[in-house]
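One structure is given here, and the rest of the page talks about it.
Residue numbers (the numbering used here): 1 to 297.
Printed below as a string of structure tokens:
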């Protein structure tokens, strides 16, 4: 297939684009600079320089492609609308990347027993309402001739398959630990996130290109872990003392409101049946703690 990937210079998009090339697909990737374009060329990806605000460019690329994967932003409604408008009535695959912070509870590091399922999602918080509205727009496009899906990733770990980029959550913990010599988590670190290895994420996108059921929402997870378990493993890997609790206000000063409250300080516990049942997805990596202990650093 000829696949157009936005965010092709990023951790998720770059890994997906590289995996597509390795699987024999032809890939065009949206990037923001000539430097990023050269990175993609070296990986066998055809670069297109532009941004998510270039709606005419997005529409042109979507019409030229057999399928579109949006991995640049979960929150840019204008880009999504431009892509959907170009794809409407074509029955082409459109895979949109979302994230499971949409069910995050901003608990400040406290634990929760609540687990969310794909067919029973809660009303979003005010902070996440706009993202959920975009997800719903994409799912509804299945009624207008778009083979659409929302792929809602959990905490992704592992090293990039393509361009040299980091994932979002764990590298921030690692950077802070290396800077200060102390591994820290938000609050007591009892909060739990579902998680998945980047190689399994890429495998799911590849399957969805050919097997997606239009209008499907996928949670992407192959296990879960508390942050205190992850930071303890990180401390062991770095040969540092046991991790320390960090007040939310200090975590916000280091990582910002969004990351401290949702990315690192919330619970996001989900279960994904759709990928396994509809796509035949079978993740191979199931322990983020083992990866941190043995492969992260």
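Don't be surprised by glycine CBs; every beta carbon is placed ideally from N, CA and C.
Tell me whether residue 172 is buried or exposed, calling it buried when 16 or more other Cβ atoms sit within 10 Å of its Cβ.
buried
Using three-state DSSP, classify residue 151 as helix, strand or coil.
DSSP places residue 151 within a strand segment (E or B) once states are collapsed to three.
Spatial neighbours of residue 82 within its chain, please: CB distance less than 6 angstroms, with the 5 preceding and 5 following residues excluded, ordered by chain position.
55, 58 and 59
Within its chain, find whatever has a CB closer than 6 angstroms to the CB of residue 15; leave out the 5 residues flanking it on each side and keep chain order.
160, 161, 162, 198 and 202
Taking the continuous alpha helix (DSSP H) assigned at residue 63, which residues delimit it?
55–64
On a Cα-Cα basis, can you pick out the residue from 240, 25, 228 and 271 that is closest to residue 194?
271
Out of 230, 255, 209 and 279, which one is the CA nearest neighbour of residue 294?
230
Say whether the region 93–105 touches the region 122–131, bearing in mind that this needs 3 or more beta-carbon pairs closer than 8 angstroms, one atom from each stretch.
By the Cβ criterion, the region 93–105 is in contact with the region 122–131, since at least three pairs of Cβ atoms, one from each stretch, lie closer than 8 angstroms.
Rank 109, 97 and 158 by C-alpha distance to the C-alpha of residue 135 and give the top, closest one.
97
For residue 155, which residues in the same chain have their Cβ closer than 6 angstroms to its Cβ, ignoring the five residues on either side in sequence?
169, 193 and 195
Let me confirm a value: residue 92 is counted as buried when at least 16 other C-beta atoms fall within 10 Å, else exposed. Which label applies?
buried
Just mark residue 257 as buried or exposed, buried being the case when its beta carbon has 16 or more other beta carbons within 10 Å.
exposed
Which residues does DSSP pair with residue 120 in a beta bridge?
117
Examine the Cβ distances between the region 270–287 and the region 203–213 and report whether three or more of them are shorter than 8 angstroms.
yes
What does the alpha-carbon distance come out to for the pair residue 119 and residue 226?
24 angstroms
Can you check DSSP and say which residues form a bridge with residue 246?
Its beta-bridge partners are 186 and 187.
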